[in-house]
Amino acid sequence: MTFTDQLRKENDDIFQMIFNHPFVEGIGRGDIDKKAIEHYIKADFEYLNAFMKIYGIALAKSTNRTDIAYFHDKINFILNDEIHPHHNFCDYIGVGYEELQGHPLPPTADHYIKHMMYHAQLGSLGEIVGALLPCPWTYLEIGKELIQTYRPTEEHPFYPWISFYADSRVEKTTNDMRNLLDQYATHISPEEKLRIKDAFRKSCQLELKFWEMAYTLEEWPSQEKVNFT
Ligand SMILES: Cc1ncc(CO)c(N)n1
Numbered sequence: 001m002t003f004t005d006q007l008r009k010e011n012d013d014i015f016q017m018i019f020n021h022p023f024v025e026g027i028g029r030g031d032i033d034k035k036a037i038e039h040y041i042k043a044d045f046e047y048l049n050a051f052m053k054i055y056g057i058a059l060a061k062s063t064n065r066t067d068i069a070y071f072h073d074k075i076n077f078i079l080n081d082e083i084h085p086h087h088n089f090c091d092y093i094g095v096g097y098e099e100l101q102g103h104p105l106p107p108t109a110d111h112y113i114k115h116m117m118y119h120a121q122l123g124s125l126g127e128i129v130g131a132l133l134p135c136p137w138t139y140l141e142i143g144k145e146l147i148q149t150y151r152p153t154e155e156h157p158f159y160p161w162i163s164f165y166a167d168s169r170v171e172k173t174t175n176d177m178r179n180l181l182d183q184y185a186t187h188i189s190p191e192e193k194l195r196i197k198d199a200f201r202k203s204c205q206l207e208l209k210f211w212e213m214a215y216t217l218e219e220w221p222s223q224e225k226v227n228f229t
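Quick note: the sequence shown uses UniProt numbering, first residue 1, plus one each step.
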């Protein structure tokens, strides 16, 4: 069993909770509260901005051209391709994408990006990848699960979203990241492996909580804004 097989197995409890989350099931059924989608997009636009910055840090810590090219491609993928599932949600709720950009992050999304940033700033390349990997991996499996369970056709309102994440490009992103981490894990200490496991599990938990954040329209206790950067 590879290191990432082991990570997947040890976190199967969370993966199953994600598949059974009412927001995720709502994508499959084709009905989600419009306010929840709006909340999701507002947070996810900023989340993906943070994700690209972390790819940039991973790129800076890379030691060979293969890894540099990988992170470069992934930034491009978020910038130019991952806007499509967002547009699918925006079209469904009838709100322009621009209106949903530049909003402060609710607590869970704020926590998630700071968790990734922590490993990016203080950890090894392995730790960064451990924190990033649940992002494509959970979405790939959500896409596949939804296809299997709901067999959506092109008439399904979220067909573009579901087929985007079930697609071979997201599968390749996940597999490339897994290969990178599996190779990395062949020459690290048991302590570092534990740090990577911790980073990976927390990201899985925060993926689940991100859906819950959108579903419950989570906000800070006081909405009074501080300066948002
Ligand atoms: C929170 C979150 N996790 C994963 C993805 C997939 O890239 C996303 N768009 N947002």
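Glycine included, every Cβ here is placed at the ideal spot set by N, Cα and C.
Source: prediction; values computed, not measured.
Bounding residues of the alpha helix (DSSP H) (the contiguous stretch that carries residue i)
i, result
"residue 193", "190 to 215"
"residue 120", "107 to 122"
"residue 173", "168 to 184"
"residue 151", "That residue, residue 151, is in no alpha helix (DSSP H); it is neither H nor E in DSSP."
"residue 12", "12 to 19"
"residue 164", "159 to 165"
"residue 25", "22 to 29"
"residue 125", "125 to 132"
CB of residue i within 9 Å of CB of residue j, strictly
i, j, result
"residue 217", "residue 86", "no"
"residue 107", "residue 203", "no"
"residue 145", "residue 28", "yes"
"residue 195", "residue 123", "yes"
"residue 54", "residue 116", "yes"
"residue 163", "residue 147", "yes"
"residue 138", "residue 18", "yes"
"residue 23", "residue 166", "no"
"residue 48", "residue 197", "no"
"residue 34", "residue 125", "no"
"residue 131", "residue 199", "yes"
"residue 16", "residue 57", "no"
"residue 210", "residue 30", "no"
beta-carbon residue i near ligand 1 non-hydrogen atom, thresh 8 Å
i, result
"residue 207", "yes"
"residue 107", "no"
"residue 133", "no"
"residue 136", "yes"
"residue 82", "yes"
"residue 210", "yes"
"residue 215", "no"
"residue 48", "yes"
"residue 78", "yes"
"residue 55", "no"
"residue 92", "no"
"residue 85", "yes"
"residue 51", "yes"
"residue 112", "yes"
"residue 165", "yes"
"residue 139", "yes"
"residue 12", "no"
Could I get the ranges of all uninterrupted alpha helix (DSSP H) runs contained in the region 59 to 90, with 4 residues as the minimum, in chain order?
-> 65 to 80
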